[in-house]
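Just so you know, the sequence shown maps onto residues 1 to 161 in UniProt numbering. Backbone N, C-alpha and C fix where the C-beta goes; we use that ideal spot for every residue, glycine too.
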Amino acid sequence: MSGEQTLVTRNKKVAFYKVGDKFLRMTGFTAMTKSANPKEYARQYVDETGEITDVTGYSPSIEYTFDQYVNNEVHKDIVEITEDEKLGSDAVREIVIVDLTAPVGETGNEFEARKRLVAVVPGSDGDNADTYSYSGTLKSKSDSIKGVATLDADKMSLTFK
1 MSGEQTLVTR
11 NKKVAFYKVG
21 DKFLRMTGFT
31 AMTKSANPKE
41 YARQYVDETG
51 EITDVTGYSP
61 SIEYTFDQYV
71 NNEVHKDIVE
81 ITEDEKLGSD
91 AVREIVIVDL
101 TAPVGETGNE
111 FEARKRLVAV
121 VPGSDGDNAD
131 TYSYSGTLKS
141 KSDSIKGVAT
151 LDADKMSLTF
161 K
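In structure tokens form, the structure reads like this:
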């Protein structure tokens, strides 16, 4: 094995959410748990003693919870989807997940990233006595597109290519 192993901390996989024409960093989130939700095809052939399984598809989702902050455009957009009970394409947004452990090039501000469309599916809100929080699920609406994210100087917004 070459090189020293380094533990990847949670803050090295960062999500950005498109509001208007800008991807903004998803700050103030206390949970953002990704599930692959693979679709499986399992069967047992008559000439074999055990079952075999193949993965035939994926339905990725991200469970989220955030403490609501005023002047946070991402929070404002998700709250509007929730409170206005938006439906269909009115609740579809783009997200980019940036892997800060995978730099591209020598500039120090470009990283491997994946972009996809998601449906914002509200869950619950107001269940915290200390802060007002919202939770729900971002459910996949498209295939993942692998690309490069170029972060701005403060790492709060990006461009994707």
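Outcome for residue i when other beta-carbon atoms lying within 10 angstroms are tallied against a minimum of 16
i: residue 244; result: Residue 244 lies beyond the stretch modelled for the chain, which goes from 1 to 161, so this question has no answer here.
i: R25; result: buried
i: G108; result: exposed
i: I97; result: buried
i: T65; result: buried
i: I52; result: exposed
i: Y41; result: exposed
i: A113; result: buried
i: E48; result: exposed
i: G105; result: exposed
i: K161; result: exposed
i: V55; result: exposed
Residues bridged to residue i (per DSSP)
i: K139; result: S61 and A119
i: S124; result: S135
i: V14; result: V98
i: K146; result: R114
i: L24; result: Y17 and S157
i: T33; result: E63
i: L87; result: According to DSSP, L87 bridges with nothing at all.
First and last residue of the uninterrupted beta strand (DSSP E) at residue i
i: T131; result: Run containing T131: none; DSSP gives neither H nor E here.
i: V92; result: V92 to P103
i: K39; result: P38 to R43
i: T159; result: S157 to F160
Of the listed residues the options, nearest to residue i (C-alpha basis)
i: L117; options: I145, I52 and R43; result: I145
i: D99; options: G3, P38 and A149; result: A149
i: Y58; options: E80, D152, K141 and E4; result: K141
i: S35; options: Q5, V104 and L138; result: L138
i: D143; options: P60, T27 and G50; result: P60
i: P103; options: L151, N37 and V19; result: L151
i: T159; options: G126, T6 and D21; result: D21
i: G28; options: V121, S2 and H75; result: H75
i: G123; options: E73, E63, A15 and T6; result: E63
Residue i: first and last residue of the uninterrupted alpha helix (DSSP H) it sits in
i: T82; result: E73 to E83
- Message: Between the region 4-13 and the region 77-92, can you find at least three pairs of beta-carbon atoms closer than 8 Å?
- Response: no
- Inter-stretch contact (C-beta, 8 Å, three-pair minimum) for the region 67-77 and the region 127-134: yes
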